[in-house]
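Report on the following structure.
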Amino acid sequence: MLILGIESSCDETAGAVIKVDKTGCRILSEEISSQVCVHEAYGGVVPELASRAHLQNLPVVIGQIMAQAKVGYPDLSAIGVTRGPGLKGCLLMGASFAKGLCVAHGLPLVAVNHIEAHIHAALLDNPEVKYPFLGCVVSGGHTEIIEVKGLGNYRVVARTIDDAAGEAFDKSANLLGFQYPGGAALAKLADESKPMSFRLPKVMRGQEGFSFSGLKTAIALLIAREQPLNAATRGALAAAIQDSIVDALVSKMKDAVKQTGYRQVVVSGGVSANLCLRERAQRIRGVKIFFPHLAHCMDNAAMVAYLAALRFKEGQRDPLDISVLSRWPIEEVQA
Ligand code: KG4
Ligand code: ZN
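Read in my numbering, the sequence shown has 276 at position 113, and its numbers run on one by one without any break.
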């Protein structure tokens, strides 16, 4: 089975072609066109500019990956696309493009949930993972721990009531003078710096769900107190910030493992590229931790194609008038 996947829920225009057979899943081609340069001047994603950039990039990206995969549209079994959650205008671009291709080439459409796709990115890269397991999605828009009982069978164990982990990284990075999105740059500086000459509070202990607002205030106050920043102070602050965000994530993962008893934990989403998080999560006792490859942590289309393949195999075919959903919590996803 050959599946074309399309992702356009935020500021990444991505396409991938995968082949799935009895031996497993092979990525024939994949491409991610990032819009960071469009949005960095504004310090965040500008939805209208993001939609326009998707409109420009989609034909180019999809044309390239089809050529690289050396397949034609008639060879495809189906087209998978992100239906939500995400920015409405951005989702509409990808979904409309996918629908157009389906009409033109008589192909079935499989519309998928972005969070569910992030979870399955780790399965794409670690085929030994089997349902059920604990999924932990840590990205720029989402921070949730999910009981993954099977395809389309989810229970949320914990989620954030305010910012996502990636936003906590990005907002702190902004206060340290990094350009948007900044999370990865802050992490790099933290990894290169002497650890822990600053202390931030251990947050979220004994509390249900995630909340980054208290930590954000503590970080802002600490950075303000240390102005003007020299290079060593900036590095030490980055290390303390990374330590506190990772500590909060890992402590919640431990709670969820204890509460549910699962022995496999899958961590995915942009923040799962964080090396400190990877190292500390791997130290959680009694569980096996799986991450996607670094290229599949951030938004990508291979994860969309892979989830679409699983759902296509289960018989999912979506009507071409299906709507996009800017809000679509994982527990509302149907099997
Ligand atoms: O999954 P993703 O591409 O987008 C969403 O679906 O939200 O995640 C992007 C987020 C950004 O906030 C980015 O700063 C963060 O992931 N990120 C990192 C790292 N790499 C990306 N945060 C911390 N450490 C990293 N190495
Ligand atoms: Zn994402």
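Each residue gets a CB set at the ideal place from its N, CA and C atoms; glycine is no exception.
| Asked | Found |
| --- | --- |
| 8 Å Cβ cutoff met for Val-434 and Val-301 | yes |
| Length of the line joining the Cα atoms of Gly-206 and Leu-250 | 17 Å |
| Sub-8 Å separation of Gly-247 and Leu-254 beta-carbons | yes |
| Neighbourhood of Ala-471 by C-beta distance below 7 Å, restricted to the same chain and skipping five residues each side | Ile-166, Gly-168, Ala-241, Gly-243, Val-273 and Val-275 |
| For Arg-368 and Ser-414, believed in contact at Cβ under 8 Å, the rounded distance | 6 Å |
| Uninterrupted beta strand (DSSP E) stretches inside the segment 178–219 (no shorter than 3 residues) | 187–197 |
| Which of helix, strand or coil DSSP assigns to Gln-427 | strand |
| Three-state secondary structure assigned by DSSP to Val-434 | helix |
| Any non-hydrogen atom of the ligand KG4 within 7 Å of Cys-299 CB | no |
| Buried or exposed (CB count within 10 angstroms, at least 16 for buried), Asp-184 | exposed |
| Cβ shell of Ser-374 (< 7 Å), same chain only, five flanking positions each side left out | Thr-323, Ile-324, Asp-325 and Met-367 |
| Per DSSP, cross-strand counterpart(s) of Ile-166 | Ile-181 and Ala-241 |
| Cβ separation of Gly-257 and Glu-170, assumed to be a contact under 8 Å, to the nearest whole Å | 7 Å |
| Distance cut-off 7 Å: Asp-462 Cβ against heavy atoms of the ligand ZN | yes |
| Within 8 Å, strictly: CB atoms of Ser-192 and Gln-231 | yes |
| DSSP three-state assignment for Cys-299, whether helix, strand or coil | strand |
| Residue(s) in a DSSP beta bridge with Thr-176 | Ser-196 |
| Beta-carbon proximity list for Ser-356, same chain, < 7 Å, skipping 5 on both sides | Gly-398, Ala-399, Ala-401 and Ala-402 |
| Test item: CB-CB of Tyr-425 and Pro-295 under 8 Å | yes |
| Assigned secondary structure, Phe-373 (DSSP; H/G/I helix, E/B strand, else coil) | strand |
| Reduced DSSP secondary structure (H/G/I, E/B, other) of Asp-481 | strand |
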